[in-house]
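Scroll down for the structure; my scribbles are underneath it.
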Amino acid sequence: MTDMLDPFSPTASRAARAHRAGPRPPAVPCRPVQIEPLDRFPDVALVIPDRHGDERGFFVETFRAQWFPGLSFVQDNHSFSLAPFTVRGLHFQSPPHAQTKLIRVSRGRIRDAVVDLRVGSPTYAEHAVIELRADDGHQLLVPVGFAHGFISLEPDTDVTYKVTDYHSPNHDGGVRWDDPELAIDWGVNENQVKISTRDRALPSFAHLSSPFTYGGGA
């Protein structure tokens with residue numbers, strides 16, 4: 014029996030195998046997305062996927078690897094905050110397991126904060142605060158070298174985020190959410206906040222030895 018008559022034969026010719034496989038499928042077009050760097054932190058970006066809505070609701074692709082060339086997300090995390098004014102952070106993971114994060118709110122609203130920890134950066138120790146909400150689907154890309162945290166603004170708030178390295182407890186780090194040197198405006202009084210004992214015990218910025226350098230990678 015010839016190759017062309019038996020294209021599944023292990024000795025089939027390249028032409029026979031190509032005939033069996035059929036034509037190469039066309040490349041999948043990249044769905045529209047807006048990626049808008051923050052003014053003071055061009056490495057931090059607001060990610061705005063294309064949302065299609067009608068009287069039934071909406072459909073949106075929340076993630077495509079094509080949107081983030083050079084990044085490989087390996088783990089998805091889900092944080093649920095039962096009560097409003099729940100604080101989580103400020104957190105980071107040190108090299109060699111530093112993480113870029115892609116933050117999304119699937120229910121509720123949060124005030125999200127990022128702090129530049131890259132020694133030598135022109136914006137070192139500066140921060141930005143961005144509100145993320147489920148009803149518009151905007152996401153935040155937080156690169157390596159930034160601490161990240163948020164406060165829930167509504168009950169039953171769900172936050173999901175992708176990271177580019179696996180969780181490594183031995184490389185966990187953080188800074189106090191209410192550090193006076195950072196002076197982040199969380200929009201609430203301290204006595205309203207719900208926070209874990211672990212996060213409340215995080216060091217002050219003055220006592221942080223940052224593991225990140227500007228332009229140094231992870």
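Heads up, the sequence shown is in my numbering, so the first residue is 14 and it goes up one at a time. Just so you know, even glycine gets a beta-carbon here, dropped at the ideal spot from N, CA and C.
I think His-140 touches Ile-61, with their Cβ atoms under 8 Å apart; what is that distance to the nearest whole Å? Your numbering for residue 140 matches position 127 in the sequence shown. Your numbering for residue 61 matches position 48 in the sequence shown. Not a contact, Cβ separation roughly 22 Å.
Close Cβ partners of His-65 (< 8 Å) along its chain, the five nearest in sequence each way excluded: Counting from one through the sequence shown, the residue named residue 65 turns up at place 52. Hits under 8 Å: Phe-71, Phe-72 and Val-73.
Can the beta-carbon of Val-57 be found less than 7 Å from the beta-carbon of Lys-114? Taking the first residue of the sequence shown as position 1, residue 57 is located at position 44. Taking the first residue of the sequence shown as position 1, residue 114 is located at position 101. No, they are not a contact pair.
Taking Cβ to Cβ, would you say Ser-92 is nearer than 7 Å to Val-157? For the purposes of this step, residue 92 is taken as residue 79 along the sequence shown, with counting starting at 1. For the purposes of this step, residue 157 is taken as residue 144 along the sequence shown, with counting starting at 1. For Ser-92 and Val-157, no; Cβs fall outside 7 Å.
Would you please state the rounded distance, in angstroms, between the beta carbons of Asp-125 and Phe-163? I believe it to be under 8 Å. Within the sequence shown, numbered from 1, the residue matching residue 125 stands at position 112. Within the sequence shown, numbered from 1, the residue matching residue 163 stands at position 150. Rounded, the Cβ-Cβ distance is 5 Å, consistent with contact.
Alpha-carbon to alpha-carbon, Asn-204 and Ala-111: In the sequence shown, counting from the first residue as 1, residue 111 sits at position 98. In the sequence shown, counting from the first residue as 1, residue 204 sits at position 191. Between Ala-111 and Asn-204, the C-alpha separation is close to 32 Å.
Terminal residues of the continuous beta strand (DSSP E) containing Thr-170? Stepping through the sequence shown from its first residue, residue 170 is reached at position 157. Looking at the DSSP string, the run of the beta strand (DSSP E) that includes Thr-170 is 170-176.
Hey, how far is the Cα of Ser-181 from the Cα of Arg-69? Reading the sequence shown from its first residue, position 168 is the one you call residue 181. Reading the sequence shown from its first residue, position 56 is the one you call residue 69. Each residue's Cα considered, the two are about 42 Å apart.
Roughly how far, in whole angstroms, is the beta-carbon of Arg-146 from the beta-carbon of Arg-122, given that I think they are within contact range, below 8 Å? What you label residue 146 is simply residue 133 of the sequence shown in a count that begins at 1. What you label residue 122 is simply residue 109 of the sequence shown in a count that begins at 1. 4 Å between Cβ atoms; contact.
Taking just the CA atoms, how far does Val-201 sit from Thr-136? Locating residue 136 in the sequence shown gives position 123, counting from the first residue. Locating residue 201 in the sequence shown gives position 188, counting from the first residue. Spanning the two alpha carbons is a distance of roughly 25 Å.
Put Asp-125 into one of helix, strand or coil per three-state DSSP. Residue mapping note: residue 125 aligns to position 112 of the sequence shown, counting from 1. Strand.
Distance, Thr-170 Cα to Ser-134 Cα: In the sequence shown, the residue the question calls residue 134 occupies position 121. In the sequence shown, the residue the question calls residue 170 occupies position 157. Computed Cα separation, rounded: 33 Å.
Boundaries of the beta strand (DSSP E) in which Arg-69 is found, first to last residue: Here residue 69 refers to the residue found at position 56 of the sequence shown. Unbroken run through Arg-69: none, as it is neither H nor E.
Ignore the nearest five residues each way along the sequence and tell me which others in Ser-217's own chain have a CB closer than 6 Å to its CB. On the sequence shown, position 204 is the one that residue 217 refers to. For Ser-217, where only same-chain residues beyond five positions count, the Cβ hits under 6 Å are Arg-189 and Asp-192.
Run of the alpha helix (DSSP H) containing Arg-213, from where it starts to where it stops: For the purposes of this step, residue 213 is taken as the residue at position 200 of the sequence shown. From DSSP, the alpha helix (DSSP H) with Arg-213 extends over 210-213.
Beta-carbon proximity list for Leu-154, same chain, < 6 Å, skipping 5 on both sides: Start at 1 with the first residue of the sequence shown, and residue 154 comes out as number 141. If we look at Leu-154 and ignore the five residues flanking it on each side, its Cβ neighbours are Ala-58, Val-60 and Leu-115.
If you draw a straight line from the C-alpha of Asn-183 to the C-alpha of Leu-95, how long is it? Along the sequence shown, read from residue 1 onward, the residue named residue 183 stands at position 170. Along the sequence shown, read from residue 1 onward, the residue named residue 95 stands at position 82. Roughly 28 Å separates the two Cα atoms.
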